[in-house]
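Only one structure is covered here, and it is reproduced in the block below.
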Amino acid sequence: MPEKSAAQHELDHERAYVAGLYRRLDELRAEKQEQLDQVRRSHASGSHQNRSERDAFATMYEDRLAQLNAVDDRLVFGRLDLDDGEARYIGRIGLSTEDLQRLMVDWRAPEAGTFYQATAFERQGVRRRRHLILKGRDVQGIEDDVLDYSMLDEGASMQGEGALLAALNSKRTGQMSDIVGTIQAEQDRIIRAPMPGVLVVQGGPGTGKTAVALHRAAYLLYTHRERLKSAGVLLVGPSNAFIRYIERVLPSLGETGVVMASVGELYPGVRAVAEEDQRVAEIKGRLSMAETISRAVANRQRLYPEPRRVVVEGTALTLTPRQVRRARDKARATGKPHNEARNTFVKILLRELTEQLTEKLEASSGAGNSADRAYLAEDVRSARDVRIALNLAWMPMTPERLLRELFSKPGHLEMAAPDLSDEELALLRRSPDAPWTEADVPLLDEAAELLGELDASAGRDYAAREEQRKRDLAMAENAIRNTEGFLEDSGAAGILTAEELVEHNAAAEERLTAAERAAVDRTWAFGHVVVDEAQELSAMQWRLLMRRAPLKSFTVVGDIAQTSSAAGATSWQQALEPFVGERWTLEELTVNYRTPAQIAEAAVRMANAAGLVVSAPKAVREGRWAPIVDRVGPGELVPHLLQVLPEELDALDGGLLAVITEDHRLEAVRTALAGQYGSRVGTGAGGPGQDIVVMDPREAKGLEFDGVVILEPSELLTAAAGKVGDLYVAMTRPTQRLRLIAEGSVPAGIVDDES
1 MPEKSAAQHE
11 LDHERAYVAG
21 LYRRLDELRA
31 EKQEQLDQVR
41 RSHASGSHQN
51 RSERDAFATM
61 YEDRLAQLNA
71 VDDRLVFGRL
81 DLDDGEARYI
91 GRIGLSTEDL
101 QRLMVDWRAP
111 EAGTFYQATA
121 FERQGVRRRR
131 HLILKGRDVQ
141 GIEDDVLDYS
151 MLDEGASMQG
161 EGALLAALNS
171 KRTGQMSDIV
181 GTIQAEQDRI
191 IRAPMPGVLV
201 VQGGPGTGKT
211 AVALHRAAYL
221 LYTHRERLKS
231 AGVLLVGPSN
241 AFIRYIERVL
251 PSLGETGVVM
261 ASVGELYPGV
271 RAVAEEDQRV
281 AEIKGRLSMA
291 ETISRAVANR
301 QRLYPEPRRV
311 VVEGTALTLT
321 PRQVRRARDK
331 ARATGKPHNE
341 ARNTFVKILL
351 RELTEQLTEK
361 LEASSGAGNS
371 ADRAYLAEDV
381 RSARDVRIAL
391 NLAWMPMTPE
401 RLLRELFSKP
411 GHLEMAAPDL
421 SDEELALLRR
431 SPDAPWTEAD
441 VPLLDEAAEL
451 LGELDASAGR
461 DYAAREEQRK
471 RDLAMAENAI
481 RNTEGFLEDS
491 GAAGILTAEE
501 LVEHNAAAEE
511 RLTAAERAAV
521 DRTWAFGHVV
531 VDEAQELSAM
541 QWRLLMRRAP
551 LKSFTVVGDI
561 AQTSSAAGAT
571 SWQQALEPFV
581 GERWTLEELT
591 VNYRTPAQIA
601 EAAVRMANAA
611 GLVVSAPKAV
621 REGRWAPIVD
631 RVGPGELVPH
641 LLQVLPEELD
651 ALDGGLLAVI
661 TEDHRLEAVR
671 TALAGQYGSR
681 VGTGAGGPGQ
691 DIVVMDPREA
701 KGLEFDGVVI
711 LEPSELLTAA
721 AGKVGDLYVA
731 MTRPTQRLRL
741 IAEGSVPAGI
751 VDDES
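Residue 535 in UniProt numbering sits at position 535 of the sequence shown, with consecutive numbering throughout.
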C-alpha cells in the first residue's frame with residue numbers, strides 16, 4: 001500500500017481536528033437543550049419574580065441554541081501558524097473545552113484579525129495562513145498562504161485555486177453567502193473600524209459592500225456587546241427581496257438579534273409599496289416636506305371666526321374666538337405634540353364653559369343658592385355640542401388620517417405646501433384609499449413625531465384595557481376548562497387560576513428581546529444603524545433614520561454611480577451634510593470581486609458614454625464570456641428570449657439566471673417564461689427549485705446572479721423612471737455571463753467598437 005503524501009497527511013490532520021470541533025459543538029448543543037428542557041419542565045407557579053427568572057433563563061438558552069445551530073455549516077475556515085509555534089484556528093464563533101482550553105477563536109476577536117491582515121511584507125507574527133475548504137462538516141481541501149518563506153524549505157506549498165476564487169466561481173443559490181473565510185485586508189480594515197460616528201463605505205459593483213456591511217454589523221455586536229445588546233442594531237436595505245437575500249448571513253456569523261427592514265418597513269404596521277411615479281418620489285423626498293407636515297398639523301388647530309353656541313343640558317353657552325385662541329396658544333406653549341397638547345386645550349375650555357354654566361344656573365336659581373354643582377363639569381365634558389365644538393377646533397389625529405386627508409383634499413395640501421407649484425400639487429393628489437408607498441413612510445414618521453400618541457381621553461383607554469382583560473380572563477377560563485381532564489390526570493388541577501394565566505401571558509409579552517421590541521417600536525433608539533444601497537435614500541428617509549439613531553452612529557454603504565431614484569443622492573456630501581455636517585468619514589473599496597473584467601469594462605464604457613463618471617474598481621478575474629448583444633426586429637424581443645434561454649441555462653450549468661426589464665414588460669415576460677419553464681420561474685433572488693427570476697432594475701439592487709439577460713437596455717436609460725444607474729446596476733449583477741437583447745438601438749459603449 002503506497003505511503004500517504006505530505007499533503008494527504010495534512011488533510012487527514014485537519015479533518016480530525018475539525019471533527020473534534022464539531023463534537024464540541026454538538027456537546028454544547030446537547031447541554032443547552034437539556035438546560036432549556038429543565039427550565040421548561042419547571043413549574044409555572046410561584047412568585048412573579050420566579051417566573052420571570054425562569055423565562056429569562058429560557059430566553060438565554062434559546063438564543064444560545066439558535067446561535068449554535070446557525071453556525072453548523074462551515075464552522076471553521078482558517079488556521080494561523082504563528083512564530084511561537086501556536087496553531088490558532090479561526091471560525092464563526094469561539095469554542096473551548098470544558099476546562100476552558102481554547103479550541104477555536106471567533107473571527108471577530110482581536111487575535112483573529114491577523115488572519116485577514118497579515119501579508120508577506122508585514123507578517124504580524126504569522127508564518128502560514130491556512131484556508132480550510134469545507135462543504136458542510138467535511139474538509140474538502142486546504143490552501144496555504146506561506147508568509148514566512150523559510151517554511152517552503154519545510155515542504156509547505158500552495159494548493160487549489162484559492163479560497164477567494166473558489167467562492168467567486170461557485171454558483172449562486174438565491175441566498176447571499178457570507179465571506180467570513182475570504183475577507184480581504186481592505187475589507188477587514190473597514191469591518192473593524194471604530195463604531196462612533198458616520199462611516200461611509202463607497203464602492204463600485206462587486207466590491208463586496210453588502211458583505212462588508214453585514215460583517216461589520218456582526219463585528220460591532222461582538223465588540224460592543226454590552227452597549228448594543230440593549231439598544232440593538234438596525235440594518236436597512238433597499239427592498240424586501242434584498243432582505244430575503246441577506247437574511248441568513250448574520251445568523252451564520254453568530255448573530256441573531258439584528259433588526260432588518262427594507263425602506264418600506266421603517267414605520268411599524270406599514271408594508272409600503274414602491275412609489276410608481278419618480279416625480280412624486282422626488283417631491284415627497286425633499287427636506288421641505290418636513291415643513292409641509294408641520295403646517296398640516298398646525299392647520300388642524302383651528303380658530304372660530306365668530307362665537308359658537310353650544311347647549312349643555314338645555315342651557316346655551318358661548319365659545320368665543322378669543323377663548324379658543326387663548327387656549328390654543330397655551331396648549332402650543334407646552335411644546336408637546338399635537339395629541340398631547342390637546343389635553344391642555346380641552347381642559348382650559350372645559351373649565352371656562354363649566355364656569356359659564358355655573359354662573360348661569362346660579363343666576364337663574366336666585367342669590368344665596370349654595371347647592372353643590374360639582375356634577376356640572378361632567379355635564380359639560382359629556383355634552384355632544386361641546387365634544388363636536390372642541391373636536392372641530394382641535395381634532396385628535398393619527399398620522400395615517402393626517403396624510404390621507406392631506407393628499408386627498410386639495411385645500412388641505414394647498415394650505416400646507418404653499419411652496420409647491422400647481423403641477424406638483426396635482427402630482428401629489430390621490431385617493432384616500434391609495435396604498436402607502438415607500439416615499440410616504442418618512443412622512444408618516446414625521447407626522448407621528450409631531451402628533452404624538454393618540455390620547456383616548458375621558459377614560460376610554462382605561463375602559464378598553466378593562467374590556468380586553470375581561471376577554472383575556474374568559475379565554476383563560478375556557479383554556480383551563482378544555483385541559484381540565486389532563487390537569488387532573490397529572491395532579492395539577494386547581495393549581496393554575498385564570499388570573500395567573502393572564503398575568504403570565506402579559507409578562508411573556510414584556511420578555512421580548514431588544515430586537516423584537518425595537519422592530520415594533522417607532523421611537524426605539526438604536527445603538528447603530530447600517531444602511532445598504534444608501535445612495536437611493538431621499539432627504540426625508542435620512543431624516544427618519546437619524547431619528548432612529550440619536551447618537552448618529554452609522555455605517556453607510558453604497559455607490560453614488562448606481563443611484564436610480566429621482567430622490568436619491570448625487571453625492572455623499574449632499575446626502576449627509578444636512579444631518580451631520582462634516583462629521584463623517586469616507587472609505588472606498590477598490591477591487592471588484594464579483595463581475596468578470598469583460599462585463600465590468602463594458603458597464604463602465606456605457607456609463608461614461610452616457611455622461612456618468614464612475615469609479616472602475618479593478619476586477620480580480622477574467623470571465624469566460626464577453627457580453628453578448630442580440631439585435632432583433634420589432635415584436636421579436638420575447639420570442640428571441642425564449643429562443644436563446646436554453647443556451648444561457650446550459651452555459652450556466654444549474655446557475656441562477658435573471659431576466660431584467662422595465663416594469664411595463666414584466667408580466668408578459670413572466671407569463672411567457674412560465675409557459676415554457678413552469679415553477680422554475682420566480683421573482684426576487686429566487687427560491688427552492690427556481691433558477692430563473694424576472695425583475696426590474698430597481699429590484700435587482702444589491703443582488704447577484706450567475707447570468708443576466710437584459711431586455712431593451714436603452715429603455716433603462718430613457719424610461720421616465722430611468723437613470724444611467726438603472727442600466728449600470730443591471731449590467732453589473734452577473735458573476736459569469738451577460739446578454740442584452742434589443743429591438744431598438746444599443747446604448748453606446750457596451751460594444752467595444754461603438755465606444
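The beta carbon of each residue, even a glycine, is placed where N, CA and C say it ideally should be.
First and last residue of the beta strand (DSSP E) that includes residue i?
i: Q535; result: That residue, Q535, is in no beta strand (DSSP E); it is neither H nor E in DSSP.
i: P734; result: P734 to A742
i: D726; result: That residue, D726, is in no beta strand (DSSP E); its alpha helix (DSSP H) goes V724 to M731.
i: D630; result: I628 to R631
i: residue 763; result: Residue 763 cannot be examined here, being either before or after the span of the chain that is shown, 1 to 755.
Where does residue i fall in DSSP's three states?
i: W394; result: strand
i: I692; result: strand
i: A507; result: Unreliable positioning characterises A507 in this predicted model, as indicated by a pLDDT of 46, which lies under 50. A coordinate reading is not provided.
i: K135; result: strand
i: R140; result: The sequence given here has Gln at residue 140, not Arg. Residue state, collapsed to three classes: strand.
i: M195; result: coil
i: A241; result: helix
i: I90; result: strand
i: V71; result: coil
i: R308; result: strand
i: D618; result: It should be pointed out that residue 618 corresponds to Lys in this sequence rather than to Asp. In this structure, K618 counts as strand in the three-state DSSP scheme.
i: I750; result: coil
i: R79; result: strand
i: Q187; result: helix
i: Q202; result: strand
i: A316; result: strand
i: R522; result: coil
i: T354; result: helix
i: G335; result: coil
i: V146; result: strand
i: T119; result: coil
i: V681; result: strand
i: V613; result: coil
i: R286; result: coil
Hey, residue i and residue j are a contact pair by Cβ (cut 8 Å); roughly how many whole angstroms apart?
i: V441; j: A274; result: 11 Å between Cβ atoms; not a contact.
i: S237; j: D532; result: The residue asked about is misnamed: residue 237 is Gly in this sequence, not Ser. So it is a contact: roughly 5 Å between Cβ atoms.
i: L303; j: R326; result: With a Cβ gap of about 10 Å, L303 and R326 do not count as contacting.
i: A748; j: A609; result: 4 Å
i: A674; j: V708; result: Rounded, the Cβ-Cβ distance is 19 Å, inconsistent with contact.
i: G285; j: M540; result: 5 Å
i: A575; j: W542; result: 6 Å
i: L444; j: E400; result: 7 Å
Per DSSP, which one or two residues make a beta bridge with residue i?
i: Q301; result: W394
i: L234; result: V259 and V529
i: R322; result: According to DSSP, R322 bridges with nothing at all.
i: G707; result: L657 and R737
i: N608; result: Note: N608 sits in no beta bridge, so no partner.
i: M104; result: L95
I'd like the span of the alpha helix (DSSP H) that includes residue i, first residue to last.
i: W584; result: Per DSSP, W584 belongs to no alpha helix (DSSP H); it is in the beta strand (DSSP E), W584 to L589.
i: A274; result: No alpha helix (DSSP H) contains A274, which DSSP labels as neither H nor E.
i: L641; result: L637 to L652
i: T210; result: K209 to T223
i: L100; result: Counting along the chain, L100 falls outside any alpha helix (DSSP H), and DSSP gives it neither H nor E.
i: T671; result: D663 to Y677
How about residue i: is its Cβ closer than 7 Å to a heavy atom in the ligand GTP?
i: L214; result: This structure does not include the ligand GTP; it has no bound ligands of any sort.
Query raised in the report: Would you say the segment 657-668 touches the segment 687-702, given that touching needs at least three Cβ pairs under 8 Å?
Result: yes
Query raised in the report: Is there contact here, the segment 274-289 with the segment 727-741, by at least three beta-carbon pairs under 8 Å?
Result: no
Report task. For the segment 664-684 and the segment 614-629, state whether three or more C-beta atom pairs, one from each stretch, are separated by less than 8 Å. Result -> no
Report task. Examine the Cβ distances between the segment 311-321 and the segment 336-344 and report whether three or more of them are shorter than 8 Å. Result -> no
Report task. Examine the Cβ distances between the segment 94-109 and the segment 120-134 and report whether three or more of them are shorter than 8 Å. Result -> no
Report task. Check whether the segment 407-421 touches the segment 387-394, counting contact only when three or more Cβ pairs, one atom from each stretch, lie closer than 8 Å. Result -> no
Query - Inter-stretch contact at 8 Å, needing at least 3 Cβ pairs: the segment 376-390 / the segment 430-437 - result: no
Query raised in the report: Would you say the segment 80-91 touches the segment 193-202, given that touching needs at least three Cβ pairs under 8 Å?
Result: no
Query raised in the report: Quick one: any contact between the segment 544-551 and the segment 518-526, if contact means 3 or more CB pairs under 8 Å?
Result: The segment 544-551 is in contact with the segment 518-526.
**Report entry** Any 3 or more C-beta pairs closer than 8 Å across the segment 248-255 and the segment 700-714
**Finding:** In this structure the segment 248-255 does not touch the segment 700-714; the number of beta carbon pairs closer than 8 Å is below three.
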